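Notes follow the structure.
Protein chains in written order, with the numbering used here: chain E, 414 to 630; chain G, 414 to 630.
So, in structure tokens, the structure goes:
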């Protein structure tokens, strides 16, 4: 399709929708955090998790509770607990954190914890040993079915995204996650954010797979 | 040029050179470190820096000496000092380190320290206040004039590179630095390494600037 025609169609679309057709995706930084099962919440805090404030994805919330992570080499205090309770507890850390704890942690998507390392969780009143559940969360983009249609992608697709920032990068193999429960946002962790010069204003766009060729810039 | 012709030429080149024409660049991780002026070395250690072991770039070496970095918010101990002495002291940290120290540190290339934050350096016997000199080192590729010719780039070019790893990325705006003193290596810091799943086997290739378009993967 030639560019003028694309421009014309975009113009008509904008008029029809009454708003700009946005092609950028906000990028949010995920700090280390813990999801707890009801049993582990009971063992650590003597009861269910309690709501402190909502998070960007609908239904997810920060809890009043905080935990200590105890690894073979180090300890990390005051780690956020997110609700609601899940069927299995899960601990999400960065590679930097995993080194501080002394654990070798694979990169996984949330929920995929088979064969991951365990860890000890502690509060001021309880302690729990997890046999598995520590992951470095794989980066991903949450979007609604409407967003997916707009971007021409579907659930479980892997895409490349270009991120603005002081150290601009293209993240490859970014997982698309589509659900009517999701707000549009890309999630990366602190290592990825620091390594790419992320700021709260950072946005990304889906790009073509870069070609492996020399460039004479 | 069609692909068969390129293949033919590459084959002839390989025969002529008697070896594989390597198109990958090794990637090395730079940990936080300090370069000291002779005056600051004297103030901290009572004398010149002493050689411990050589580094990957010719003439650069790790020193026996170590320093403490003291920022407004935090302290980092046991930081490496690299020799030889320079005309001005310079401290290279990651963005993670800069947060721990409580400093807002710009991304700069080595030597470009005008207007950067200061810091306090301490040893067991001395203390020095730097008025400026703390940077987050901009990623760069060291190469010889021969390598530059082979890759079709020149000193101060900015290129995109594709890095292999568990979290594959394309780093954009990577500075080419050409000198007959340099061995071929890309240098990134720990944030960039952790964010991209760097391993000691990671390599990069120069790629074309990714196009800002949707991809229907």
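Glycine included, C-beta positions come from ideal geometry on N, C-alpha and C. These numbers come from a predicted model, not from an experiment.
{"Query": "Please identify, using Cβ separations under 9 Å, the residues of the stretch 569 to 584 of chain E that lie next to chain G, in order along the chain.", "Result": "570, 571, 572, 573, 575, 579, 580, 581, 582, 583 and 584"}
{"Query": "Thinking just about the alpha-carbon of each residue, which of G:578, G:507, G:477 and G:484 is nearest to the one in residue 377 of chain G?", "Result": "In the structure as shown, chain G begins at 414 and stops at 630. Residue 377 of chain G is therefore absent and cannot be evaluated."}
{"Query": "Report all residues from its chain with a CB closer than 7 Å to the CB of residue 630 of chain E; omit the five preceding and five following residues, and keep chain order.", "Result": "Residue placement at residue 630 of chain E cannot be trusted, given a pLDDT of 28 that sits under 50; what the coordinates show is reported in the next sentence. Taken in chain order, the list of residues that qualify is empty."}
{"Query": "Closest by CA to residue 493 of chain G, which one among G:447, G:459 and G:519?", "Result": "G:447"}
{"Query": "Excluding sequence positions up to five away, which residues of its chain have a Cβ less than 8 Å from the Cβ of residue 461 of chain G?", "Result": "451, 454, 455 and 498"}
{"Query": "Is residue 607 of chain E close to chain G, meaning its C-beta is less than 8 Å from at least one C-beta of that chain?", "Result": "yes"}
{"Query": "Hey, residue 680 of chain G and residue 552 of chain G: beta-carbon distance below 8 Å or not?", "Result": "Outside the shown range of chain G, which is 414 to 630, sits residue 680 of chain G, and nothing can be said about it."}
{"Query": "For residue 506 of chain G, name the three-state secondary structure that DSSP assigns.", "Result": "coil"}
{"Query": "Would you please state the rounded distance, in angstroms, between the beta carbons of residue 566 of chain E and residue 572 of chain E? I believe it to be under 8 Å.", "Result": "6 Å"}
{"Query": "Restricting to Cα atoms, I'd like to know which of E:464, E:603 and E:507 is closest to residue 482 of chain E.", "Result": "E:507"}
{"Query": "Between which two residues does the beta strand (DSSP E) containing residue 442 of chain G stretch?", "Result": "438 to 443"}
{"Query": "Who are the Cβ neighbours of residue 611 of chain G in its own chain at under 8 Å, not counting the five residues just before and after it?", "Result": "440, 442, 576, 578, 601 and 605"}
{"Query": "Near residue 510 of chain G, which residues of its chain fall below 7 Å by C-beta distance, leaving aside the five closest residues on each side in sequence?", "Result": "445 and 489"}
{"Query": "Just list the beta strand (DSSP E) runs in the stretch 534 to 589 of chain E, keeping only unbroken ones of 3 residues or longer that don't cross its boundaries, in chain order.", "Result": "540 to 543, 547 to 550, 553 to 556 and 571 to 576"}
{"Query": "How many whole angstroms separate the CB atoms of residue 603 of chain E and residue 536 of chain E, which I take to be in contact at a CB cut-off of 8 Å?", "Result": "Contact flag wrong, Cβ pair sits at about 23 Å."}
{"Query": "In chain order, what residues of the stretch 537 to 560 of chain E put their CB closer than 9 Å to some CB of chain G?", "Result": "549, 551 and 552"}
{"Query": "Rounded to whole angstroms, what's the CA-CA distance from residue 438 of chain G to residue 424 of chain G? Just pull it up for me.", "Result": "20 Å"}
{"Query": "Just to confirm, are residue 480 of chain E and residue 421 of chain E a CB contact at a threshold of 8 Å?", "Result": "no"}
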